[in-house]
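Visitor: Just dropping this structure here.
Below, the structure written as structure tokens:
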């Protein structure tokens with residue numbers, strides 16, 4: 006038989022309808038400046054939560070979660086990231102040459118305390134930023150490299166690009182950094198070719214990005230529109246009040262530390278930037294632009310070795326990881342008799 010459309014009350018079970026009705030009564034009373042009578046409060050308190058989430062209650066929570074937090078002249082976009090562990094069979098294929106890698110290399114690196122920006126410091130005989138260029142250049146999915154940097158540092162990428170085998174040389178495009186990260190990303194997006202399926206935005210201070218992790222993130226981005234590499238948080242995280250006292254302990258199982266690349270369909274990213282600019286929003290990472298327009302973002306599980314080198318201690322850790330990676334490569338190489 007042909008299914009017929011049903012109204013919301015028909016879809017909702019009796020307990021859900023009762024819970025929604027009680028909640029709406031309290032909302033109306035609150036808006037009118039009244040207090041619910043004691044007997045009504047008692048009856049509402051007896052209504053136990055139902056295991057099923059009604060469409061109405063879900064919609065109310067969605068409305069509650071919308072909006073931004075005021076901070077100075079701008080506002081900060083509220084995060085709405087969805088965590089998913091997609092299997093390879095669920096992921097879309099990314100055609101060869103369809104991705105533009107946007108490598109962000111415009112930071113000044115104040116925390117490193119060095120005379121030059123951190124991404125240009127030497128790491129085992131090569132500038133930190135050069136590792137990212139080389140990694141993405143070697144991926145068949147990548148058809149273009151957009152580097153966001155000051156003109157004074159272009160030579161580092163030009164030299165690394167020139168040293169690549171001919172098979173890995175991709176078009177190299179330049180963009181200039183902006184005042185904030187989101188401005189640099191926007192400039193990189195403007196420089197990217199029009200027909201790219203995805204842009205993969207990557208911090209040049211993350212030299213240890215794993216190719217398979219980046220590929221999985223690209224495939225997740227192609228599947229849902231936006232994806233970001235991340236890892237589950239290990240330590241306990243507490244929210245702290247301004248006076249230094251603990252406000253609450255956050256649920257660790259729900260917390261992820263995001264990394265890069267962050268892989269987004271260009272049209273979706275442009276839509277997000279239009280919204281962010283129109284509403285004067287301040288975002289802290291690339292997929293926050295997508296969260297601002299209430300579109301889904303997948304977190305692709307990455308590796309803990311994909312660290313961002315921002316302090317001297319990070320540099321020591323990166324050197325150690327590089328050494329372990331080199332040792333593993335040597336041990337995996339078959340000997341020639």
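In this note's numbering, the protein residues as written are 6 to 342. No residue lacks a Cβ here, since even glycine has one placed at the ideal position from N, Cα and C.
1. What is the DSSP secondary structure of residue 108, counted as helix, strand or coil?
2. May I ask you to list the residues that DSSP assigns as paired with residue 268?
3. Could you have a look at residue 313 and say whether DSSP puts it in helix, strand or coil?
4. Who are the near neighbours of residue 298 in its chain, counting only those whose CB is closer than 7 Å to its CB and skipping five residues on each side?
5. Tell me whether the beta-carbon of residue 265 lies closer than 9 Å to the beta-carbon of residue 291.
6. With DSSP collapsed to three states, give me the class of residue 282.
7. Going by the CB atoms, is the gap between residue 214 and residue 140 shorter than 9 Å?
8. Hey, could you find the ends of the beta strand (DSSP E) residue 140 is sitting in?
9. Considering only residues of the same chain and omitting the five flanking positions on each side of residue 113, which have a CB-CB separation below 6 Å?
10. When the Cα of residue 282 is compared with those of 309, 305, 261, 185, which residue comes out closest?
11. Less than 8 Å between the CB atoms is what I'm expecting for residue 203 and residue 268, so what's the real figure, rounded?
12. Hey, residue 273 and residue 230 are a contact pair by Cβ (cut 8 Å); roughly how many whole angstroms apart?
13. Please state whether the Cβ-Cβ distance between residue 208 and residue 137 is less than 9 Å.
14. Excluding the 5 residues flanking residue 260 on each side, which residues of the same chain have their C-beta closer than 8 Å to its C-beta?
15. Roughly how many whole angstroms lie between the Cα atoms of residue 52 and residue 306?
16. Which residues in the same chain as residue 9 place their Cβ atom closer than 6 Å to its Cβ, once the five residues preceding and following it in sequence are excluded?
17. DSSP on residue 253, reduced to helix/strand/coil?
18. Find out if the Cβ-Cβ distance for the pair residue 132, residue 161 is shorter than 9 Å.
19. How would you call residue 166, buried or exposed, if buried means at least 16 neighbouring beta carbons within 10 angstroms?
20. Report yes if the CB atom of residue 128 is closer than 9 Å to the CB atom of residue 295, and no otherwise.
21. Taking 6 Å as the limit between beta carbons, can you name the residues of its chain near residue 196, skipping five residues before and five after?
22. Which residues in the same chain as residue 198 place their Cβ atom closer than 7 Å to its Cβ, once the five residues preceding and following it in sequence are excluded?
23. Go ahead and pull the three-state DSSP assignment for residue 273.
24. Provide the residue(s) that pair with residue 158 in DSSP beta bridges, ordered along the chain.
25. Straight-line CA distance for residue 103 to residue 221?
26. Using alpha carbons as the reference points, say which of 108, 310, 100 lies closest to residue 191.
Guide: On the basis of the data shown:
1. strand
2. 205, 232
3. Look at residue 313 here: in three-state DSSP terms it is coil, with no helix or strand label.
4. 276, 277, 280
5. yes
6. DSSP places residue 282 in helix when its eight states are reduced to three.
7. yes
8. No beta strand (DSSP E) contains residue 140, which is instead part of the alpha helix (DSSP H) from 133-142.
9. Counting only Cβ-Cβ distances below 6 Å, and skipping sequence neighbours, we find 122.
10. 185
11. 5 Å
12. 5 Å
13. Yes, Cβ-Cβ distance for residue 208 and residue 137 is below 9 Å.
14. 237, 238, 242
15. Note that residue 52 scores 35 on pLDDT, short of 50, meaning its location in the model is unreliable; the coordinates nonetheless yield the value given after this. Cα-Cα distance, rounded: 40 Å.
16. Residue confidence for residue 9 is low, a pLDDT of 43 falling below 50, so the modelled location carries little weight; the figure read from the coordinates is stated next. Excluding residues within five positions, none has a Cβ falling inside 6 Å.
17. Collapsing the DSSP output to three states places residue 253 in a strand.
18. yes
19. Counting the other Cβ atoms within 10 Å of the Cβ of residue 166 gives 16 or more, which makes it buried.
20. no
21. 151, 178, 180
22. 105, 149
23. helix
24. The partner list for residue 158 (beta bridge, DSSP) is empty, contrary to what the question assumes.
25. Cα to Cα, the separation comes out at about 15 Å.
26. It is 108.
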